[in-house]
Amino acid sequence: MVAKSTLMKWHYITGLIMIVVVGIHIAYRWPSYDASISWPAVQSQISMAWYDIVLLIIVYAASYHAMNGLRTIMLELFHGGKAFTTFVDVLVIALGLLVVVVGTYTIISLIPL
Amino acid sequence: MQKTRRVSPRWGLWLRGLDEWLVIFQKVSGLALALYLIGHVLAVSTALGFGHNLTQQQWNAIIFGVLEKPHIGVVSVGALLEYLIGVLLVIHGANGFRLILMQWFGIGLPKPSRHTFPRATPSPNATAQRVYKYSVAIITIIFIILATYDVFGALLGW
Amino acid sequence: MASASSSEASVETIKIKLPEIKLEKKEVIFKIRRYDPEKDSFYWKEYKLTITNRTTILDALLRIKETQDPTLAVRYSCRMGICGSCGMVINGTPRLACETKPYDLGTSIITVEPLSNVPPVKDVVTDFDKFFSNHKSVSPWLIRKDEKEQFEDLKEYYPQTEEELDNYLQFSYCIKCGLCYSACPLVFLNKEYLGPQALAQAYRWSADSRDQGAELRLKLVDTDNGVWSCNYSGTCSKVCPKDVDPALAINMVKKMLLTGRKR
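Residue numbers (our numbering), protein chains in the order written: chain A, 1 to 113; chain B, 1 to 158; chain C, 1 to 263.
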């Protein structure tokens, strides 16, 4: 179907994107982690539309990167022919869709805030 | 025919190589981070009421009522886990960045050349790789210092 | 210089002082991990031997075979590091037995084991069928678009500049000894991985300017069990006796695949 090099190219692109966006996400935990996860702090973070966009980008980039990573690890360690490969593909796509759907729904509902 | 049975590897060869540890680390931390991603997105979305029930009670009930509740002494287990995940993330990311630079852009890889004897330096031992690995180590140490202040600073009295 | 008086040319004897090579002797113990195919198990056997600073592991094994235990099975051929037959794990690292001297290793106990990641046959001899079939699967030969060329009488050889040669020359030194395959942790983890030797040869042929089959070959290695199973642990390059640097070759293939540029 898709050449492994295409999958890996996107793996690297999403990796590079994540260095930036996850960096921003972690930077907002500074200077105190406990303070940054209290409700007033969280409210002020999610009220910024650009921060919500950053969170949305994280959901997509991280889901692709993590799911392709999981698929690579599973196919390296275990072998079972076409049936097993299909099983891994389905599992990985299902988990990825779960994260993407839940994340997108939550963030899109937040943005008009 | 003993075609499927293989001689087992000599572990010592791999245990003394940093590159080999980084390969295993990249995969193991990747697995841990993938599981964390799923848990984190689901937990925080639930705490935010999936965007519809944005109240302090909902947030506090999930985050402080369930996730950050278990404590070992004064240290919150949730905060400690997030701290460790952060460290894994930084090493995974820094080493991953090194792999992307090498494999996609060829930065740090020598040009194939005609050999001269005595023995040529294999590319994993070249200077560029040492620079890469020291950079990963320095970035990790800086992050650990900042993260320890960030998460445990109050407890440690910094 | 011939003297003018003699009718025949006289030979002048020149005395050359040869460098003095001091011969040192030492008694070492060889611990050999032997495979018994009848019992399908490994066992250790110890042999004491007096060696010199010029003895190689292969010399020692053959002397053990001659003087102590004729049942010891050893595979070797050229004795000079070009055939790639005598690969073994010596003191924990895959090495060529004919190129390794116990004196240089420095220990008084030398462990000799069969190569890892390959099936054993007897004693320190291993089965290389999968290794060779992996190599064959990447079409390691010159592919030309016109298949009839090989039957024609060509007027000239395929031209190649020095730069074009340098692009792949170091990878052509591969002697197929299997040390890299044995040292690779991903060969251990991924039972279907092609291995550093086959993938380095895929690059060697694809980067050769005379070759026109790069697209076909790259498609063969662009899979989960091809180049993408390599994670650059670099162990292959560290043990290669010919400095082929397979890790570099595999990264060059990945770069070709990601950038879409042939060279």
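Ideal placement from N, C-alpha and C gives every residue a C-beta, glycine not left out. Here the structure is a predicted model, which means the values were calculated and not measured.
Reference residue i, options the options, closest by Cα
i	options	result
A/VAL21	A/VAL54, A/ALA3, A/TYR60, A/LEU97	A/VAL54
A/LEU70	B/ALA79, B/GLY39, B/SER29	B/SER29
B/ILE24	B/LEU35, B/PHE105, B/GLY96	B/GLY96
C/LEU105	C/CYS230, C/ARG63, C/VAL89, C/PHE42	C/VAL89
C/LEU186	A/LEU97, A/GLU76, A/LYS82, A/SER38	A/GLU76
B/HIS115	C/PHE131, C/LYS242, C/GLU99	C/LYS242
C/LEU165	C/GLY87, C/SER137, C/ARG204	C/ARG204
C/GLU27	C/VAL11, C/SER229, C/PRO102	C/PRO102
C/ARG285	C/GLU162, C/LYS122, C/GLU99	The requested residue 285 of chain C does not occur in the structure, where chain C is confined to residues 1 to 263.
A/VAL92	A/ALA66, A/THR106, A/VAL59	A/ALA66
C/TYR35	C/GLU156, C/GLU24, C/VAL74	C/VAL74
A/ASN68	A/ILE111, A/SER32, A/GLY96, A/ALA27	A/GLY96
B/HIS40	A/ILE111, A/PHE78, A/VAL59	A/VAL59
C/MET256	B/LEU37, B/VAL90, B/GLY106	B/GLY106
A/HIS25	B/GLY86, B/LEU48, B/VAL131, B/PRO110	B/GLY86
Listed by chain order, chain C residues near residue i by CB distance under 7 Å
i	result
A/LYS4	ASP222, THR223, ASP224, TRP228
B/HIS115	GLN170, ASP243
Where residue i sits in the DSSP three-state scheme
i	result
C/GLY92	coil
C/VAL118	coil
B/ARG5	coil
C/TYR76	coil
B/ILE38	helix
B/VAL44	helix
C/GLY234	coil
C/THR67	helix
C/VAL124	coil
C/SER3	Note on C/SER3: pLDDT 49, under 50, position unreliable in the model; no value is reported.
C/GLY195	coil
B/GLY12	helix
B/GLY17	coil
C/GLY81	coil
C/ILE16	coil
Chain-ordered chain A contacts of residue i [CB-CB under 7 Å]
i	result
C/LEU257	SER5
C/LEU72	Here the premise fails: no neighbours, minimum Cβ distance about 36 Å.
B/ILE100	TYR12, GLY15, LEU16
B/GLN56	TRP39
Residue i - containing alpha helix (DSSP H), residue span
i	result
A/PRO40	39-46
B/ARG130	127-156
C/VAL253	246-259
C/LYS48	Counting along the chain, C/LYS48 falls outside any alpha helix (DSSP H), though it belongs to the beta strand (DSSP E) covering 41-52.
B/LEU54	Premise fails: B/LEU54 is in no alpha helix (DSSP H) and is neither H nor E.
C/TYR168	It is not in any alpha helix (DSSP H) - C/TYR168 carries neither H nor E in the DSSP assignment.
A/HIS11	4-27
B/TYR95	For the record, residue 95 of chain B in the displayed sequence is Asn; it is not Tyr. Here the alpha helix (DSSP H) through B/ASN95 covers 77-105.
C/HIS135	129-137
C/VAL221	214-221
C/PRO102	102-105
A/ASP34	33-36
C/PRO185	185-189
Residues that residue i contacts on chain C, provided the C-beta gap is smaller than 8 Å
i	result
A/LEU77	LEU189, ASN190
B/SER17	Residue identity differs from the one stated: residue 17 of chain B is Gly in this sequence, not Ser. By Cβ distance, chain C contributes SER233, GLY234, THR235, LYS238.
Where the beta strand (DSSP E) containing residue i begins and where it ends
i	result
C/VAL28	25-36
A/LEU77	That residue, A/LEU77, is in no beta strand (DSSP E); its alpha helix (DSSP H) goes 49-77.
B/VAL66	No beta strand (DSSP E) holds B/VAL66; DSSP gives it neither H nor E.
A/TYR105	Premise fails: A/TYR105 lies in the alpha helix (DSSP H), 81-110, not in any beta strand (DSSP E).
C/VAL112	109-113
Chain-ordered chain B contacts of residue i [CB-CB under 9 Å]
i	result
C/CYS240	PRO122
C/VAL118	ARG6, VAL7
Closer than 8 Å at the beta carbon, the chain A residues around residue i
i	result
B/ASN60	TRP39
Chain-ordered chain C contacts of residue i [CB-CB under 9 Å]
i	result
A/LYS9	LEU257, LEU258
Within chain B, the residues that residue i reaches when beta carbons sit closer than 7 Å
i	result
C/LYS126	Note that residue 126 of chain C is Thr in the sequence shown here, rather than Lys. Per Cβ cutoff of 7 Å: VAL7.
A/VAL42	TRP59
C/GLY92	ARG10, GLY12, LEU13
A/ILE19	GLY93, PHE97
Residues that residue i contacts on chain B, provided the C-beta gap is smaller than 8 Å
i	result
A/SER32	ASP150, GLY153, ALA154
C/GLY81	In chain order: nothing, as chain B lies at least about 13 Å away.
C/ASN134	Near C/ASN134 there are no residues of chain B at all, since even the closest Cβ is about 14 Å away, more than 8 Å.
Members of the stretch 144-163 of chain C that neighbour chain B once the beta carbon cut-off is set at 8 Å: none
Between the stretch 63-84 of chain B and chain A, which residues of the former have CB atoms less than 9 Å from a CB of the latter, in chain order? ILE63, PHE64, GLU68, SER76, ALA79, GLU82, TYR83
Interfacial residues, the stretch 93-110 of chain A to chain D, with Cβ spacing under 8 Å: The chain labelled as chain D is not found among the protein chains of the depicted structure, namely A, B and C.
With 8 Å as the C-beta to C-beta threshold (strictly closer), list the residues of the stretch 51-73 of chain A near chain B in chain order. VAL59, ALA62, SER63, ALA66, MET67, GLY69, LEU70, ILE73
Report the residues of the stretch 27-43 of chain B with a CB closer than 7 Å to any CB of chain C, ordered along the chain. Interface annotation for the stretch 27-43 of chain B against chain C: empty, criterion Cβ-Cβ distance under 7 Å.
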